[in-house]
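Start counting the sequence shown at 1; every next residue gets the next number (the UniProt record's numbering). Ideal Cβ positions, reconstructed from N, Cα and C, are used throughout, including at glycine.
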Amino acid sequence: MLIKTVKTRKIIPEKDRDLFSILKRYLPKLKENSIVVVTSKVVAICQGRIADPKEITRDELAEKEADWYLPRSLNKYHFMLTIKRNTMIASAGIDESNGAGYYILWPKDPQKSANKIRAFLKKKFGLKNLGVIITDSKLTPLRWGVTGVAIAHSGFLALNDYRKKPDIFGRKLKVTQ
Numbered sequence: 001m002l003i004k005t006v007k008t009r010k011i012i013p014e015k016d017r018d019l020f021s022i023l024k025r026y027l028p029k030l031k032e033n034s035i036v037v038v039t040s041k042v043v044a045i046c047q048g049r050i051a052d053p054k055e056i057t058r059d060e061l062a063e064k065e066a067d068w069y070l071p072r073s074l075n076k077y078h079f080m081l082t083i084k085r086n087t088m089i090a091s092a093g094i095d096e097s098n099g100a101g102y103y104i105l106w107p108k109d110p111q112k113s114a115n116k117i118r119a120f121l122k123k124k125f126g127l128k129n130l131g132v133i134i135t136d137s138k139l140t141p142l143r144w145g146v147t148g149v150a151i152a153h154s155g156f157l158a159l160n161d162y163r164k165k166p167d168i169f170g171r172k173l174k175v176t177q
C-alpha cells in the first residue's frame, strides 16, 4: 500500500467554489484501485458552507447544525458535545482552524459529494475501480486528542457484518458490525 499526501494552495472561503478544478489541478495521475481521501473542510468551503463569527456564535450555529446537542454548561470540559449524522462530534463539526476568519461547517450532503467526486475522478482518469473517502477529525470523550473519521465514502464496502460469525475461539459474535 502506498499513501501519498497532496499539498494544495490555501483554499479560501468566499473565493474557492469549484472543488473539481482543485482536484484536477493538484491530484497526480491516479491508478486503478486507488482511494482518494478528501478533507471535509475543502468540500465544505467549495460548497459555501461557511459562517461569519460576527453574525452568529459557534454555539448558536452548532445548535442549528446538530441533530442532538449537550450545551457547554452541562459538562465540566466546557465543549459542546453534539451528534450529527450519527457521529458524536464537538460543535457539530464546526471548525475555525484554517478558515480565514470563518467558521467552516460540514458539507451539506457528504455522501452525495463523495459519489460526485468519485464519478468525476473515474471519468478524468479513465478508471473502473476507485474509492473516495471524505474525512474529518473528532474527539472521543474523556480522551485527549482527535481521531480521523470518515463521514462519507464511495466505491467500496466500508462495513463488514461479522454478527453470528465465530471469533478465533469459535464463539459467535453478537454485535460486531
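- If you look at residue 44, you'll find it in the alpha helix (DSSP H) that goes 40–47.
- Take residue 50, set aside five residues on each side of it, and the residues of its chain with a beta-carbon closer than 8 Å to its own are 13, 14, 44, 99, 102, 103, 104, 105, in chain order.
- Sequence-distant Cβ neighbours of residue 133 in its own chain, meaning closer than 6 Å and more than five residues away, are 37, 150, 153.
- Nearest C-alpha to residue 6 among 148, 16, 17, 30: 30.
- Between residue 67 and residue 83, the gap from beta carbon to beta carbon is short of 9 Å.
- Taking the C-beta atoms as reference points, residue 25 is found no nearer than 9 Å to residue 48.
- Leaving aside the five residues that flank residue 110 on each side, the residues in its chain whose CB is nearer than 8 Å to its CB run, in chain order, 40, 43, 85, 134, 151, 152.
- Under the DSSP definition of a beta bridge, residue 138 partners with 147.
- For residue 113, same chain residues with a beta-carbon under 7 Å away, outside a window of 5 residues either side, are 43, 107, 134, 152 in chain order.
- Annotation for residue 87: 138, 149, 151 place their beta carbon closer than 7 Å to its own, counting only its chain and skipping 5 residues before and after.
- Under the DSSP definition of a beta bridge, residue 131 partners with 35.
- Burial check for residue 69: the Cβ neighbour count within 10 Å reaches 16 or more, so the residue is buried.
- If you draw a straight line from the Cα of residue 119 to the Cα of residue 22, it is about 15 Å long.
- Restricting attention to beta strand (DSSP E) runs no shorter than 3 residues, the stretch 66–102 encloses them at 68–70, 81–84, 87–90, ordered along the chain.
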